[in-house]
Every structure is written in C-alpha cells, then in structure tokens.
Amino acid sequence: DAKTTQPPSMDCAEGRAANLPCNHSTISGNEYVYWYRQIHSQGPQYIIHGLKNNETNEMASLIITEDRKSSTLILPHATLRDTAVYYCIVRSGNEKLTFGTGTRLTIIP
Amino acid sequence: GAVVSQHPSRVICKSGTSVKIECRSLDFQATTMFWYRQFPKQSLMLMATSNEGSKATYEQGVEKDKFLINHASLTLSTLTVTSAHPEDSSFYICSAPGQNPEKLFFGSGTQLSVL
Numbered sequence: 001d002a003k004t005t006q007p008p009s010m011d012c013a014e015g016r017a018a019n020l021p022c023n024h025s026t027i028s029g030n031e032y033v034y035w036y037r038q039i040h041s042q043g044p045q046y047i048i049h050g051l052k053n054n055e056t057n058e059m060a061s062l063i064i065t066e067d068r069k070s071s072t073l074i075l076p077h078a079t080l081r082d083t084a085v086y087y088c089i090v091r092s093g094n095e096k097l098t099f100g101t102g103t104r105l106t107i108i109p
Numbered sequence: 110g111a112v113v114s115q116h117p118s119r120v121i122c123k124s125g126t127s128v129k130i131e132c133r134s135l136d137f138q139a140t141t142m143f144w145y146r147q148f149p150k151q152s153l154m155l156m157a158t159s160n161e162g163s164k165a166t167y168e169q170g171v172e173k174d175k176f177l178i179n180h181a182s183l184t185l186s187t188l189t190v191t192s193a194h195p196e197d198s199s200f201y202i203c204s205a206p207g208q209n210p211e212k213l214f215f216g217s218g219t220q221l222s223v224l
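Sequence order for the protein chains is A and B. Just so you know, we're using the numbering used here here: the first sequence kicks off at 1 and counts up by one. Just so you know, we're using the numbering used here here: the second sequence kicks off at 110 and counts up by one.
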C-alpha cells in the first residue's frame, strides 16, 4: 500500500466544519482512498472512500485532488462525538488495510 | 451496514494461560478476516489474515504458534493467545470485508490484560 501523511493532531470548534488533510503522493491508479476513525477503546469505524471523484455520504465528504496525490475529509458540522483519531488509508481491491498514525481530532465546545 | 461481533470485550488472565477471542460476521459471510493488535497510544498493527478453510497468513514478526488462528466457518474466526505473558496485554481487533469487499468492517475490540 502507498503511504499516507497526516497531521498528528487538529482542533475544531463544535458546529464548524472539520477539514482533515491527507497526502498520498505515491498512490497508484487502482488504489482507493479510505477514511476510518477510531473513538477511544473502540474498533475503527468506516467513514467514506473514493477513487477519483469526490464522494459524499451521511457522515462526511471526501475531496480528492485531480492528480490524486492528496485528499481532504470534511465533517460539515462537527460535534463533540466526532472527537477521534482519523485514519487516511490507500488500498487496492480487497487487500488488507494498513493503518498509519492518523490525525487526532479534538472538537472544542 | 455489515456487523462484526467480537467477544469478549475485555478479559483478564493469569500469565501462562491461553485466551480465545471470537470474531463473527453477523449478517454476511466472510472468507477472509483480519486480526489487528493495538498498544496504547499507537496505531493498529496487522497481525494476520484469517482464511476460511485454510491456514492463516501471518505478518512478519508475528509468532504463529503463539497466536493461533482458526477460521472454521464462513462467519467465525478465532484468535487464541497461547501461554499469555504480560507483554501480550493489548487491544485486539478483528475485521472482515462486507458484501462489498471494498469496505472493511471492524469488531469492537478485545482488551486483554495479562497479570
């Protein structure tokens, strides 16, 4: 799997949009960008994934740059329950997921 | 979405004993399951890939005789930590691909504490 780079931590005010960046400059053409999050002492939770086009679901939006070398996860209206570690992962097909260190997002009341 | 059930959620055992952790796919079949380990304040590290009806594939540095994996059915994989030591204390998490193999779903994890 290609490696990803994420900031180790971020803060966001409650109610504001949280924008989490991820660099994956060595991503190959058949690799998807996945986002998972892990709330303390729980298993990771799937958020969203995409290949080339921007994606949106009930949890978040995923913006992938045209060259696919970076992406941004957007939580449109952050709540305190969104405090978690967010992992950006690139993966092809049904290969195993390899986790990096992620971004620890703290939502500030 | 697909549900992966993991049991127990927490276990405390004495050094030298064995502990079995179960991972079940509740509403779908999983020919493959993944087992991860996570130490405090660290990321998840893949230990092994469990394959239904065949031997598990272990990541480099993971002792297959210590971490026994059995994937006897399409909905159940088990991880047995044999002769547990305090350094085996960790958070163990399983995952399985759903009907859409692009998505991996995770169990809620098992916190193992070896005294």
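Ideal Cβ positions, reconstructed from N, Cα and C, are used throughout, including at glycine. For clarity, every value in this text was computed on a predicted model and none was experimentally measured.
Are the beta-carbon atoms belonging to R133(B) and T189(B) less than 8 Å from one another? no
Spatially closest choice to A18(A) from V90(A), A84(A), K96(A), by CA coordinates: Nearest option by C-alpha distance: A84(A).
Any residues in the region 2-22 of chain A with a beta carbon nearer than 9 Å to a beta carbon of chain B? Which ones, in chain order? none
Looking at the C-beta of T98(A), does it have a partner C-beta in chain B at a distance below 8 Å? Closer than 8 Å to some Cβ of chain B, the Cβ of T98(A) qualifies, so yes.
Note down, one range per segment and in chain order, each alpha helix (DSSP H) of at least 4 residues found wholly within the region 24-94 of chain A. none
From the beta carbon of H49(A), is the nearest beta carbon of chain B less than 8 Å away? yes
Taking beta-carbon pairs under 9 Å, can you tell me which members of the region 24-43 of chain A lie near chain B? Y32, Y34, Y36, Q38, S41, Q42, G43
Return the residues of the region 153-179 of chain B that lie within a Cβ-Cβ distance of less than 8 Å from chain A, sorted by chain order. L153, M154, L155, T158
First and last residue of the uninterrupted beta strand (DSSP E) at V223(B): 219-223
Is DSSP giving E14(A) helix, strand or coil here? Looking at E14(A) - three-state DSSP - the assignment turns out to be coil, as it is neither helix nor strand.
Can we say the region 44-52 of chain A touches the region 208-215 of chain B, given the rule of at least three CB pairs closer than 8 Å? Taking one beta carbon from each stretch, the region 44-52 of chain A and the region 208-215 of chain B have 3 or more pairs nearer than 8 Å; the two touch.
In chain order, what residues of the same chain lie with their CB nearer than 6 Å to the CB of C22(A), ignoring the 5 residues before and after it? T4, Q6, S71, C88
Could you spell out where the beta strand (DSSP E) holding Q208(B) opens and where it closes? Per DSSP, Q208(B) belongs to no beta strand (DSSP E) and is neither H nor E.
Thinking C-alpha only, which one of A205(B), P195(B), Q220(B) is nearest T126(B)? Checked all of A205(B), P195(B), Q220(B); the closest Cα to T126(B) is P195(B).
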